[in-house]
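Since the structure comes first, as structure tokens, the remarks are kept for the end.
Protein chains: 4
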Amino acid sequence: MKKHYDVAIIGGGIIGMSIAYHLAKAGKQVVLFEASEVGKQTTSAAAGMLGAHAEGEGYEDTFFQVGRASQSLYEKLKVDLRHESGIDIRTSAGGIMKVAFTEEEKQALCRMQHLSTFEWIDAGSVKKCMPQMAENILGAGLIKEDVHVEPYAVCRAFWKAAVMYGAEVKECTPVIEVKREKEALAIRTTVGTFTCDDLTVASGVWSGRFFEELGLSHSLYPVKGECVSVWNQGPALEHTIYHDHCYIVQRDSGKLVVGATMKPNEWQTVPTLGGIEAVIQKASQLMPSIKEMPIDQCWAGLRPATNDRHPYIGRHPEDQRILFAAGHYRNGILLAPITGEIIRDLIIGKPVKKEWLHAFRIGRKEALFV
Amino acid sequence: MKKHYDVAIIGGGIIGMSIAYHLAKAGKQVVLFEASEVGKQTTSAAAGMLGAHAEGEGYEDTFFQVGRASQSLYEKLKVDLRHESGIDIRTSAGGIMKVAFTEEEKQALCRMQHLSTFEWIDAGSVKKCMPQMAENILGAGLIKEDVHVEPYAVCRAFWKAAVMYGAEVKECTPVIEVKREKEALAIRTTVGTFTCDDLTVASGVWSGRFFEELGLSHSLYPVKGECVSVWNQGPALEHTIYHDHCYIVQRDSGKLVVGATMKPNEWQTVPTLGGIEAVIQKASQLMPSIKEMPIDQCWAGLRPATNDRHPYIGRHPEDQRILFAAGHYRNGILLAPITGEIIRDLIIGKPVKKEWLHAFRIGRKEALFV
Amino acid sequence: MKKHYDVAIIGGGIIGMSIAYHLAKAGKQVVLFEASEVGKQTTSAAAGMLGAHAEGEGYEDTFFQVGRASQSLYEKLKVDLRHESGIDIRTSAGGIMKVAFTEEEKQALCRMQHLSTFEWIDAGSVKKCMPQMAENILGAGLIKEDVHVEPYAVCRAFWKAAVMYGAEVKECTPVIEVKREKEALAIRTTVGTFTCDDLTVASGVWSGRFFEELGLSHSLYPVKGECVSVWNQGPALEHTIYHDHCYIVQRDSGKLVVGATMKPNEWQTVPTLGGIEAVIQKASQLMPSIKEMPIDQCWAGLRPATNDRHPYIGRHPEDQRILFAAGHYRNGILLAPITGEIIRDLIIGKPVKKEWLHAFRIGRKEALFV
Amino acid sequence: MKKHYDVAIIGGGIIGMSIAYHLAKAGKQVVLFEASEVGKQTTSAAAGMLGAHAEGEGYEDTFFQVGRASQSLYEKLKVDLRHESGIDIRTSAGGIMKVAFTEEEKQALCRMQHLSTFEWIDAGSVKKCMPQMAENILGAGLIKEDVHVEPYAVCRAFWKAAVMYGAEVKECTPVIEVKREKEALAIRTTVGTFTCDDLTVASGVWSGRFFEELGLSHSLYPVKGECVSVWNQGPALEHTIYHDHCYIVQRDSGKLVVGATMKPNEWQTVPTLGGIEAVIQKASQLMPSIKEMPIDQCWAGLRPATNDRHPYIGRHPEDQRILFAAGHYRNGILLAPITGEIIRDLIIGKPVKKEWLHAFRIGRKEALFV
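These protein sequence lines map, in sequence, to chains A, B, C and D. Just so we're aligned: the first sequence equals residues 1 to 370 in UniProt numbering. Just so we're aligned: the second sequence equals residues 1 to 370 in UniProt numbering. Just so we're aligned: the third sequence equals residues 1 to 370 in UniProt numbering. Just so we're aligned: the fourth sequence equals residues 1 to 370 in UniProt numbering.
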């Protein structure tokens with residue numbers, strides 16, 4: 001007889017681990033399959049900005065609200081995870097400064113001005129608190145709530161805590177096939193077949209095959225991002241610097257994390273010479289003194305993108321036992337807590353906001369077509 | 001329309017790459033799919049002994065003959081690959097010393113004495129040429145032909161040379177499904193579907209799922225091996241030291257490679273504290289001075305084992321278009337050249353020795369049952 | 001004309017950097033010379049236990065009092081350094097459990113029982129809060145105040161903050177000679193000669209040459225310690241496990257740090273195979289499940305030892321301009337804050353407790369002879 | 001009584017090790033002191049071009065002749081060192097292509113045309129054998145003799161072989177002071193004082209202090225060079241590409257080594273972001289496809305420069321017992337063999353060409369003043 005679980009999860013990144021944590025904590029018997037090592041792919045490559053504002057385009061839409069809700073969940077999580085796992089997720093204070101170099105960029109930023117979380121800072125004041133910043137900026141929008149965490153630490157903490165609550169995590173265990181039998185779902189893996197009542201697919205950019213095999217249309221493709229870190233030899237950055245999808249984040253270790261390129265449809269996870277050059281050029285433009293700082297490391301990761309840049313979170317339209325949580329693009333770290341809660345609530349039968357489910361439903365047209 | 005190739009290969013370790021190389025050189029249009037990075041799994045973890053005698057049990061059987069044939073292919077390959085790829089595969093001279101600590105071990109070794117390649121060396125003579133060796137040995141069997149190469153270099157050289165001959169190698173591209181359509185085989189991957197006339201499955205211990213999906217019985221399971229390397233601060237070892245599945249190999253960089261544990265059915269590829277302890281204990285028993293040497297690195301790999309410890313090399317019994325080359329256990333580096341030639345010859349229609357095909361045929365009872 | 005400073009410091013480990021920080025904050029013009037890279041030698045190799053009780057032998061002596069005083073300074077420092085440098089020194093809670101395997105060890109521990117900071121925990125209670133612990137312990141002494149920090153983070157924070165207060169730190173700058181001229185001290189380095197009113201030698205085990213050159217008798221020799229870290233796959237350790245100079249420390253990253261061997265008079269800083277084996281054996285004895293955990297890293301460092309195991313902190317008996325702060329043995333991380341304060345106070349003319357100066361004076365007989 | 005040696009050497013880079021090797025092989029009792037680890041500083045950072053022509057300015061002068069003589073010594077050394085140490089120094093074939101982008105550069109190159117080792121290759125022919133080369137070159141000078149080796153391997157081989165011949169090598173042992181006593185030289189180190197009949201200072205850019213302490217005028221300063229390596233995904237480079245102090249070298253591992261920046265008077269050995277950017281820009285200009293290749297590593301090293309860019313090789317003018325071999329700038333790997341021979345011959349009393357000794361004599365005006 002095959003071993004049976006309440007819920008199986010495919011994918012051991014921050015999304016899958018948040019789901020495992022929330023379900024195990026709610027008393028479910030959980031198994032998670034990770035094809036390589038937990039948290040070593042997209043999760044580790046991320047800078048960890050909780051950029052509810054920084055990444056958003058429209059500031060009143062559902063996506064923004066979900067981002068803000070997830071951001072605020074981190075406050076309690078930080079305490080809980082420290083207690084449950086012994087791991088510190090290293091939340092920073094300080095927030096993000098979105099920089100404007102042109103009048104156009106300034107106006108775009110100032111469209112956020114009605115938000116209580118947004119504050120416009122003129123060039124002079126920016127230079128006072130951030131003397132490292134480039135001379136030629138016009139000013140910056142400061143969003144204090146958009147702090148950051150260390151993504152791998154969050155994932156590791158979810159993992160440890162989930163295991164403490166009874167979850168089983170199988171690393172180096174690729175899933176080969178999902179069989180939809182009547183009485184249960186059967187998950188065939190390299191170490192045998194397991195059955196479960198519910199299944200969540202959460203393997204980021206590698207989730208595409210399961211959509212296909214399970215009969216669904218979808219869009220899901222990688223956008224490779226290359227990063228570099230340095231040891232900050234000047235004063236610590238009070239705020240993350242952000243401009244045009246690039247950022248410089250101050251870690252509480254004394255390092256700066258700089259990223260990232262945007263290369264659609266590249267699957268290779270080693271940075272190229274040209275990618276690193278582009279990151280350095282962009283960073284020097286934002287903070288000239290960074291060129292003198294000693295290099296620490298280079299790396300790259302694959303953001304899982306959909307056509308509308310929003311994730312799929314919800315049930316398979318034709319098989320209620322199967323759920324998806326994938327395609328978080330640049331927002332996986334931000335959205336991990338709320339994604340874990342939504343999937344948990346769907347499975348244990350607690351209510352979830354209808355407009356959220358609608359916004360992230362599988363098979364929506366906006367995601368499928370450009 | 002889907003892109004079509006003469007031959008598709010699944011798996012970018014040394015076996016898959018040897019096949020790609022031999023087929024591309026023979027003029028075939030070849031594509032190879034590697035789920036992660038080329039040569040970074042089992043191939044990189046191997047010490048690279050060409051242990052035709054060292055690993056064998058019976059010394060007149062087919063397996064021994066195939067091993068010897070493959071060993072001798074390396075002589076020409078070394079030259080060809082240097083020329084074609086610019087890469088040196090770092091063949092050593094010197095061979096292997098199989099050590100005996102007991103009379104029983106001595107007698108077992110001396111069963112090879114009728115072989116012209118085997119020479120019994122008494123304890124006194126061993127100490128003269130190998131003063132590092134443990135005091136309490138009874139003697140050793142020297143097999144000069146069992147030299148070694150650097151496995152990752154061989155794989156990288158096959159790769160580069162195969163590409164020079166026109167092969168396409170797709171890294172970070174897992175194969176999701178193989179569809180056996182009438183006109184061609186269709187290989188569904190994360191980057192699209194490709195068609196081919198012939199397919200070879202060569203993904204080591206991860207090949208099991210394809211046997212299953214393609215309707216075949218098989219045995220295939222990992223035997224994890226943990227290794228450590230040190231900088232040799234004494235005189236270079238003239239010969240590899242070998243005893244009871246453990247070895248100390250002298251690299252021409254000045255390092256010693258020491259391995260390896262034997263842990264069946266473990267899929268994790270990070271060494272454990274206990275595994276490293278076991279390797280150190282075994283190595284110190286063979287060569288006491290190694291305890292004083294500075295550590296370089298620790299790692300682990302997964303040997304792909306079958307029940308009779310021999311690989312599957314040959315055609316699918318019911319679908320001639322599908323071939324397998326997997327399950328090489330401790331002999332993947334040794335057998336890579338001959339495996340490449342056999343698969344090439346099967347595909348291009350050149351004759352292959354019948355007893356070889358028989359010995360390694362898919363579905364043989366010896367492999368299936370213990 | 002040569003550049004002049006109020007104070008020069010030789011050595012950029014945690015001791016030298018604490019001195020630089022305290023003096024720069026007090027308004028002194030400070031320069032620090034580090035022969036290689038800041039904090040990359042003994043400081044980085046340390047586990048960071050603030051073991052005021054754990055390392056002590058006598059529990060009412062001056063050394064114990066100084067240790068406790070320094071330990072309590074970390075509470076304020078943690079906050080100040082976070083603010084001044086942006087770096088988190090990662091203080092743990094939890095303290096140390098000193099384990100007894102024999103009646104003798106138990107009695108030795110219980111000599112601390114009159115201390116309010118010490119609590120004896122019997123074997124049953126230990127197993128409840130620390131189920132990872134070996135079965136055969138008799139019990140353990142819990143000292144909650146003996147928490148730990150991350151040594152490199154502390155050193156980096158002192159560095160950054162010292163620079164913010166105006167200190168100059170010159171890496172890769174060995175000091176060649178100290179000339180005692182009448183009007184000032186002249187420090188000859190690879191990048192030129194600098195003058196100063198006061199000089200502090202704080203280069204750990206490499207300080208010996210300056211004692212000699214400056215005409216002083218002293219003892220100072222390395223005790224090499226080899227360490228290993230693993231990823232803790234079980235529940236987080238609530239307390240550091242400590243026994244017979246060995247320890248297992250839980251980092252808030254999820255790693256365990258295990259150390260360390262004791263090899264007097266070894267100067268090499270790469271761990272040997274035998275050293276790593278010894279650490280693994282000791283760790284498995286304290287916590288058997290650690291053998292199954294995946295290895296993270298191996299390293300080694302040199303503790304600077306004197307004959308009485310206590311540091312030299314104070315003035316040169318014949319030249320008031322020269323001070324020493326070296327020889328902290330296993331207590332460098334613990335004593336860094338108080339050492340910084342003592343040296344600062346001596347230089348700026350604030351009073352320092354006489355018995356402290358007496359205990360750590362240069363040239364004391366206890367340090368010189370065994 | 002202090003331990004006595006025939007010869008002491010300060011510095012365990014490729015120069016010091018070549019001297020140790022040549023002297024030990026000639027029967028001398030040799031001790032070598034290395035302040036950190038053998039071969040891990042300037043030696044490891046070098047690309048290893050034997051650029052007798054590539055680096056030279058005048059092609060008939062003594063410097064050129066010495067370079068050519070040293071280059072040819074590598075042919076025998078390769079074989080000897082393999083035999084003596086078991087280490088392969090990885091000599092390449094192929095030589096260097098010095099590229100011209102302008103008429104002026106072409107004319108400068110063609111001044112070598114009378115040399116039998118030089119061949120001018122026009123743009124069309126370059127593209128045939130080196131299709132990776134930039135489109136806009138005018139042609140290139142091919143110098144087949146300027147092959148390359150792996151510097152760390154050479155140094156390690158000298159080390160091992162020297163030890164086989166009886167030399168003692170003390171790592172992690174800084175020399176504090178050299179005392180010129182009547183009967184012998186006394187070398188004070190961190191591990192005690194040793195005496196010797198002859199001393200050679202060979203500690204590269206860190207030799208300056210010994211010139212000073214031994215009463216000599218000299219120039220010696222670092223020129224920092226930053227490098228990067230990539231995995232060559234195209235065909236292997238047949239020849240090293242060289243232009244304006246920058247180069248792309250093909251290793252026989254399949255990697256390309258690219259370097260290097262030129263930053264005088266920088267002592268820090270970690271590459272900066274700006275330095276890496278400059279290397280990438282230069283490399284892309286020579287070989288555009290390199291931008292697509294995956295990065296392997298970044299590093300930096302310190303070339304030891306004198307004002308006339310030539311080394312000091314010879315005796316102290318006032319104390320015949322002291323010799324220097326330092327300041328090899330960009331030519332340390334090339335000149336290591338001949339430097340070892342010259343110093344050996346001076347010490348054992350074999351004749352050395354007078355014009356060579358004259359060209360590299362200590363205290364020559366050309367070296368002292370710009």
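Positions of the beta carbon are idealized from the N, C-alpha and C atoms, including for glycine.
Listed by chain order, chain C residues near residue i by CB distance under 9 Å
{"i": "Q250/A", "result": "G86"}
CB contact check: residue i to chain D, cutoff 8 Å
{"i": "E171/C", "result": "yes"}
{"i": "R156/B", "result": "yes"}
{"i": "A24/B", "result": "no"}
{"i": "W206/C", "result": "yes"}
{"i": "K160/B", "result": "yes"}
{"i": "M97/B", "result": "no"}
{"i": "M164/B", "result": "yes"}
Opposing strand residues paired with residue i [DSSP bridges]
{"i": "T195/A", "result": "H4/A and A186/A"}
{"i": "S229/D", "result": "V257/D and Q297/D"}
{"i": "P131/A", "result": "P131/A is not bridged to any residue."}
{"i": "D122/A", "result": "G139/A"}
{"i": "E168/A", "result": "V31/A"}
{"i": "I241/D", "result": "M97/D and I248/D"}
{"i": "V223/C", "result": "P264/C and R303/C"}
{"i": "M49/B", "result": "H148/B"}
{"i": "A325/A", "result": "I313/A"}
Three-state secondary structure (DSSP) of residue i
{"i": "T42/D", "result": "helix"}
{"i": "R364/B", "result": "coil"}
{"i": "residue 380/D", "result": "Since the first residue shown for chain D is 1 and the last is 370, residue 380/D is missing from the structure and cannot be characterised."}
{"i": "G91/C", "result": "According to the sequence as given, residue 91/C is Thr; it is not Gly. T91/C: coil per DSSP, three-state reduction."}
Residue-level contact to chain A via CB, residue i, 8 Å cutoff
{"i": "G234/D", "result": "no"}
{"i": "E277/D", "result": "yes"}
{"i": "M133/C", "result": "no"}
Within chain B, the residues that residue i reaches when beta carbons sit closer than 9 Å
{"i": "G215/A", "result": "By Cβ distance, chain B contributes nothing, its closest Cβ being about 14 Å from G215/A, past 9 Å."}
{"i": "H267/A", "result": "For the record, residue 267/A in the displayed sequence is Trp; it is not His. Neighbours of W267/A on chain B, chain order: K170, E171, C172, T173, T190 and V191."}
Neighbour list for residue i in chain A, Cβ cutoff strictly below 9 Å
{"i": "E177/D", "result": "What E177/D touches in chain A: nothing, since even the nearest Cβ is about 32 Å away."}
Proximal chain D residues relative to residue i, where beta-carbon distance stays under 9 Å
{"i": "S44/B", "result": "Near S44/B there are no residues of chain D at all, since even the closest Cβ is about 13 Å away, more than 9 Å."}
Residues that residue i contacts on chain C, provided the C-beta gap is smaller than 7 Å
{"i": "I209/D", "result": "Before going further, note that residue 209/D is Arg rather than Ile in the sequence given. The contacting residues are I176 and T190."}
Beta carbon proximity, residue i to chain C, threshold 8 Å
{"i": "P294/B", "result": "yes"}
Test: residue i CB closer than 8 Å to a CB of chain B
{"i": "Q285/C", "result": "no"}
8 Å Cβ cut-off: residues of chain D touching residue i
{"i": "A153/B", "result": "S253 and G254"}
Review point. Are at least three pairs of beta-carbons, each pair with one atom in the stretch 172-187 of chain D and one in the stretch 106-119 of chain D, less than 8 Å apart?
Key: no
Review point. Taking three-plus beta-carbon pairs below 8 Å as touching, is the stretch 194-213 of chain B in contact with the stretch 62-74 of chain B?
Key: no
Review point. Contact between the stretch 179-196 of chain A and the stretch 75-92 of chain A: three or more CB pairs below 8 Å?
Key: no
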